[in-house]
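Student:
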Amino acid sequence: MKAPPFKYHAPRALAEALDMTAGLDNARALAGGQSLMPLLNLRMAAPDHLIDLGNIAELRGVFEDGARFHIGAMTTQRDIEKSAPIAGLCPLLAQAIHHVGHQQTRNRGTIGGSLCHSDPGAELPVAAMALDAELVVAGPRGERAVAFRDFPSGYLSVSLEPGELLTRVSFPKAGPREGSAFLEFNLRPADFAVVSVAARVALDEAGHIAHASIAVGGVQAAPIRLLEAENALRGHAPSREAFEAAARAAAEIDCDGDDVHPADFRSELCGVLTRRALTQAATRAAGSRHV
Amino acid sequence: MSDPREIALVVNDVRHARVVESRVNLADFLRHELGLFGTHVGCEHGVCGACTVLVDGASVRSCLMLAVQAGGKNVETIEGVAAADGASHPVQAALAKHHGLQCGYCTPGVVMTLIELGRENIGKPLGEAEIRHALSGNLCRCTGYQGIVDAGLDVFGAPADKGSET
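These protein sequence lines are chains S and Z, in that order.
Counting in our numbering, the first sequence runs from 297 upward without gaps.
Counting in our numbering, the second sequence runs from 28 upward without gaps.
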């Protein structure tokens with residue numbers, strides 16, 4: 297079908313976009329359009345105003361700042377994929393982006409759009425959850441910081457107040473002796489994930505696990521962090537037994553299911569992918585020359 | 028016309044200026060305003076890849092981009108890929124040679140995807156896995172893909188992979 301009528305706006309500055317977001321009734325922000333445009337074409341969304349953020353230069357780009365780096369919300373997935381600094385600073389994000397859509401959609405799709413659309417099968421929210429991403433949200437009362445773990449608020453919903461826009465996302469740089477892996481199961485490469493797992497493992501100088509983080513996507517409305525399993529890994533040598541224990545915790549997630557991929561099948565995937573992702577991440581951490 | 032917008036853009040090296048309704052997507056603009064019917068519209072929600080065109084050199088699904096967003100951009104479509112004398116683009120010729128098309132509906136999108144892949148890897152021979160990965164966003168219901176992959180290998184593969192008659 298064809299998109300319903302709307303009034304199109306193309307602000308060139310964030311301040312202008314925020315004024316429009318706050319001032320126009322029934323307005324939607326258009327990021328890369330790879331989720332909103334299908335919703336418009338299918339007439340599942342019918343905004344009166346479409347505010348295209350694509351011409352706002354200040355919302356694009358990658359920059360470093362101490363132990364973290366920042367990505368503008370309108371930076372395309374393709375730019376992230378091609379970014380040599382990100383591949384070096386945050387391998388997990390680079391690993392995740394490899395699974396996001398197709399090149400034709402990554403060329404336009406943005407990191408901010410993906411995090412705000414919050415599709416349960418999307419990969420970037422899972423990576424953001426595993427990486428303790430921090431968001432900057434701008435609105436009528438200025439900027440506020442939001443931890444990504446507090447951002448999803450329900451199915452396809454995030455905690456943006458009326459008049460607010462996500463402006464940038466920050467991630468920690470990978471530390472020394474840290475490895476990561478992003479694994480997913482789907483029926484065809486580049487589809488949305490049935491289940492995806494992002495894992496990070498950092499080793500101490502003795503080779504024991506100093507820190508682990510595990511996020512699982514595709515199972516509920518928002519990605520899930522396995523905090524108890526992460527804590528249980530701390531101080532242990534990386535081993536099949538240790539990772540099996542984490543896998544059992546992952547398999548206990550109360551998964552949403554559907555006719556094609558029922559809940560118990562997804563639970564099985566949670567366990568298998570968690571064990572594999574932790575194993576790969578630990579192997580990479582042990583082989584890391586990053587000091 | 029609701030919410031008319033003036034746009035100027037370059038399509039296949041020709042400059043066009045038009046007034047478009049803001050809700051019109053780039054695929055429909057190319058077809059109905061410019062008469063470039065080579066860009067096919069399959070699913071209209073970004074799944075099939077038939078409407079793939081290049082915008083400033085990058086492949087996009089033209090059903091997921093508004094025509095108004097293409098203002099000031101350089102668009103390439105299937106109509107622009109053949110040589111000035113009408114000779115097929117090497118990707119087109121290889122698809123014909125390897126039976127990489129049957130009904131032809133998906134072919135314009137396949138060609139544009141492969142052209143982008145080739146431009147991004149000039150001088151670097153590509154393997155089957157890279158070609159299949161690039162083609163993951165183009166659905167073909169006729170060929171089973173093998174002929175398309177063979178065509179890609181013929182044009183972009185290492186010498187050992189080229190020219191296999193199938």
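Heads up, the beta-carbon is just placed ideally off N, CA and C, and yes, glycines get one too.
Counting contacts by CB-CB distance shorter than 8 Å, is residue 160 of chain Z in contact with chain S?
Tutor: By this cut-off, residue 160 of chain Z is an interface position.
Student: Take residue 49 of chain Z as the anchor and find which of Z/33, Z/57, Z/41 has the nearest alpha-carbon.
Tutor: For residue 49 of chain Z, the nearest C-alpha among the options comes from Z/33.
Student: If we cut at 8 Å on Cβ distances, does residue 587 of chain S have a partner in chain Z?
Tutor: The pLDDT assigned to residue 587 of chain S is 41, lower than 50, so where the model puts this residue is not dependable, and the model offers no usable value.
Student: Would you check if the distance between the CB atom of residue 493 of chain S and the CB atom of residue 505 of chain S is smaller than 8 Å?
Tutor: Cβ distance not < 8 Å, so residue 493 of chain S and residue 505 of chain S don't count as in contact.
Student: Since residue 136 of chain Z and residue 334 of chain S are thought to touch, with beta carbons under 8 Å apart, how far apart are those beta carbons, to the nearest angstrom?
Tutor: At roughly 16 Å, the Cβ-Cβ gap does not stay under 8 Å, so residue 136 of chain Z and residue 334 of chain S are not in contact.
Student: Can you list, in chain order, the residues of its chain whose CB lies under 8 Å from that of residue 75 of chain Z, leaving out five sequence neighbours each side?
Tutor: Within the same chain, residue 75 of chain Z has close Cβ partners 69, 133, 136, 165, 166.
Student: Give the interface partners of residue 316 of chain S over in chain Z, defined as CB-CB distance under 7 Å, in chain order.
Tutor: Those within 7 Å of residue 316 of chain S in chain Z number zero; the least Cβ separation is about 14 Å.
Student: Report the residue ranges of all alpha helix (DSSP H) runs contained in full by the stretch 51-96 of chain Z; include only those spanning at least 4 residues, in chain order.
Tutor: Complete alpha helix (DSSP H) runs here, min 4: none at all.
Student: Verify the CB distance criterion: does residue 297 of chain S have a CB-CB separation below 8 Å to chain Z?
Tutor: Closer than 8 Å: yes.
Student: Would a C-beta distance cut-off of 8 Å place residue 102 of chain Z and residue 81 of chain Z closer than the cut-off?
Tutor: The answer is yes: Cβ separation under 8 Å.
Student: On a Cα-Cα basis, can you pick out the residue from S/423, S/405, S/400 that is closest to residue 143 of chain Z?
Tutor: Of the listed residues, the one whose Cα sits closest to residue 143 of chain Z is S/400.
Student: In chain order, what residues of the same chain lie with their CB nearer than 8 Å to the CB of residue 376 of chain S, ignoring the 5 residues before and after it?
Tutor: Closer than 8 Å at Cβ, skipping near neighbours: 358, 367, 382, 389, 390, 393, 407.
Student: Only counting runs of 3 or more residues, tell me where the beta strand (DSSP E) segments fall wholly within the stretch 492-564 of chain S, in order along the chain.
Tutor: Listed in chain order, the complete beta strand (DSSP E) runs (minimum 3 residues) inside the stretch 492-564 of chain S are 505-513.
Student: Residues of chain S with CB under 9 Å from residue 69 of chain Z, in chain order?
Tutor: In chain order: nothing, as chain S lies at least about 12 Å away.
Student: Please report how far the alpha carbon of residue 180 of chain Z lies from the alpha carbon of residue 467 of chain S, in whole angstroms.
Tutor: Straight-line Cα distance between these residues: approximately 39 Å.
Student: Residue 102 of chain Z bridges to which residues according to DSSP?
Tutor: Z/38, Z/82, per the DSSP bridge assignment.
Student: For residue 403 of chain S, return the contacting residues in chain Z, with the cut-off set at a CB-CB distance below 7 Å.
Tutor: What residue 403 of chain S touches in chain Z: 85, 86, 87.
Student: With burial defined as no fewer than 16 other Cβ atoms inside 10 Å of the residue's Cβ, what is the status of residue 348 of chain S: buried or exposed?
Tutor: It counts as buried.
Student: Taking any Cβ of chain S, which residues in the stretch 92-108 of chain Z have a Cβ under 8 Å from it, in chain order?
Tutor: Against chain S - using a Cβ distance shorter than 8 Å - the residues of the stretch 92-108 of chain Z are 92, 93, 95, 96.
Student: When DSSP builds the beta bridges, which residues end up paired with residue 324 of chain S?
Tutor: Residue 324 of chain S pairs with S/346.
Student: Whose Cβ in chain S lies nearer than 7 Å to the Cβ of residue 72 of chain Z?
Tutor: Residues of chain S passing the Cβ test: 334, 337, 338.
Student: Buried or exposed: which applies to residue 119 of chain Z, given that a residue is buried once 16 or more other Cβ atoms fall within 10 Å of its Cβ?
Tutor: By the neighbour-count rule (16 or more Cβ atoms within 10 Å), residue 119 of chain Z is buried.
Student: Taking residue 518 of chain S as the reference, give the member of S/551, S/416, S/443, S/550 with the closest Cα.
Tutor: Nearest option by C-alpha distance: S/416.
Student: Comparing the C-beta of residue 458 of chain S with each C-beta of chain Z, is any distance below 8 Å?
Tutor: Chain Z contact via Cβ: absent.
Student: In whole angstroms, what separates the C-alpha of residue 107 of chain Z from that of residue 39 of chain Z?
Tutor: So the two alpha carbons sit approximately 5 Å from each other.
Student: Report the partner residues of residue 439 of chain S according to the DSSP bridge assignment.
Tutor: In the DSSP output, where bridge partners are listed per residue, residue 439 of chain S has S/434.
Student: List the residues of chain S that residue 30 of chain Z touches, going by C-beta distances under 8 Å, in chain order.
Tutor: Near residue 30 of chain Z (Cβ distances below 8 Å), the residues of chain S are 301, 302, 303, 304.
Student: DSSP beta-bridge partners for residue 298 of chain S?
Tutor: DSSP, once it has assigned bridges, lists no residue as partnering residue 298 of chain S.
Student: If you compare alpha carbons, which of S/579, S/432, S/301 is closest to residue 536 of chain S?
Tutor: Cα-wise, what sits closest to residue 536 of chain S is S/579.
Student: Are three or more beta carbon pairs between the stretch 469-489 of chain S and the stretch 439-458 of chain S nearer than 8 Å?
Tutor: Taking 8 Å as the limit for Cβ pairs, the verdict is that the stretch 439-458 of chain S does not touch the stretch 469-489 of chain S.
Student: Do you know offhand how far residue 432 of chain S's Cα is from residue 515 of chain S's?
Tutor: Looking at the two C-alpha atoms, the distance is approximately 26 Å.
Student: I'd like the ranges of any beta strand (DSSP E) spanning at least 3 consecutive residues and lying wholly in the stretch 362-399 of chain S.
Tutor: If we require 3 residues or more, the beta strand (DSSP E) runs fully inside the stretch 362-399 of chain S come out as 364-368.
Student: Output, in chain order, the set of chain S residues within a Cβ distance shorter than 9 Å of residue 113 of chain Z.
Tutor: Correct list: empty, because the minimum Cβ distance to chain S is about 28 Å.
Student: Could you have a look at residue 587 of chain S and say whether DSSP puts it in helix, strand or coil?
Tutor: Low confidence applies here, because residue 587 of chain S scores a pLDDT of 41, under 50, leaving its location unreliable and the question unanswered by this model.
Student: From the beta carbon of residue 398 of chain S, is the nearest beta carbon of chain Z less than 8 Å away?
Tutor: Judged by the 8 Å Cβ criterion, residue 398 of chain S is in contact with chain Z.
Student: Specify the secondary structure class of residue 478 of chain S as computed by DSSP and reduced to three states.
Tutor: Of the three classes helix, strand and coil, the one that applies to residue 478 of chain S here is strand, per DSSP.
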